[in-house]
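Chemist: Numbering (my numbering), first residue to last: 17 to 178.
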Ligand SMILES: Nc1ncnc2c1ncn2[C@@H]1O[C@H](COP(=O)(O)OP(=O)(O)O)[C@@H](O)[C@H]1O
Ligand SMILES: [Mg+2]
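See the structure below:
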């Protein structure tokens, strides 16, 4: 299962995350990739809002992992600064992914073999100053269902996207 969508502003990207958030369940893994400034963090900010996270969500680049309490805990990783897959153990990556919350992994394509196959992959391509193309791919049963629900919900919400 895969699909594409486009956004034309940071706010629209956040709205896409806002639509995805309510569909998420514990154990879900989002793998986000795209260059610096693509919009990975904006998408996660929308997801966070939907999960009822009240604190500000920023790129965990220097922290590698930021935990945000919400309806479900949001585990927000950024693997940009990791050089070896072995460092994932130092930040309890595997245990966290299997724990009680939703994991959003920026630069999730850095160590693809270290992520569970059943993950929702979101690749963001910059097509202009404010234009972004999103490629969404599911790698298993749960993520396929999630991708389908996200697509349906976005189609339904399209009329109200800013
Ligand atoms: N359509 C868009 N979607 C997301 N961000 C956008 C868009 N258009 C412009 N931007 C800008 O691009 C930057 C994206 O930043 P951020 O979400 O932190 O990216 P990343 O986490 O991928 O490095 C922000 O400055 C945002 O305002
Ligand atoms: Mg970021």
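From the three backbone atoms N, C-alpha and C, an ideal C-beta is built for every residue, glycine too.
#1: Determine, using beta-carbon pairs with one atom in the segment 164-175 and one in the segment 71-78, whether at least three such pairs fall under 8 Å.
#2: Using C-beta distances below 6 Å, list every residue in its chain close to residue 86, excluding the 5 sequence neighbours before and after it, in chain order.
#3: Under DSSP, the beta strand (DSSP E) around residue 18 begins and ends at which residues?
#4: Can at least three beta-carbon pairs, one atom from the segment 30-47 and one from the segment 104-111, be found at a separation below 8 Å?
#5: Is it buried or exposed, residue 159, if we count other Cβ atoms within 10 angstroms and call 16 or more buried?
#6: CB of residue 143 to nearest heavy atom of ligand 1: below 7 Å?
#7: In three-state DSSP terms, what is residue 106?
#8: For the segment 17-28 and the segment 136-156, state whether three or more C-beta atom pairs, one from each stretch, are separated by less than 8 Å.
#9: What do you reckon, are the CB atoms on residue 62 and residue 30 nearer than 8 Å?
Modeler: A quick look at the data gives this:
#1: no
#2: As a first step, residue 86 must be located in the chain shown, where it is residue number 70. These residues qualify, in order along the chain: 67, 68 and 69.
#3: In the chain shown, the residue the question calls residue 18 occupies position 2. Segment 18-23, the beta strand (DSSP E) holding residue 18.
#4: no
#5: In the chain shown, counting from the first residue as 1, residue 159 sits at position 143. When all chains shown are included, residue 159 counts as buried.
#6: Within the chain shown, residue 143 is the residue found at index 127, counting from 1. The answer is no for residue 143.
#7: Your numbering for residue 106 matches position 90 in the chain shown. Here residue 106 sits in helix by DSSP.
#8: yes
#9: On the chain shown, residue 62 is found 46 positions in, with the first residue counted as 1. On the chain shown, residue 30 is found 14 positions in, with the first residue counted as 1. It is a contact, given that the beta carbons lie within the stated cut-off.
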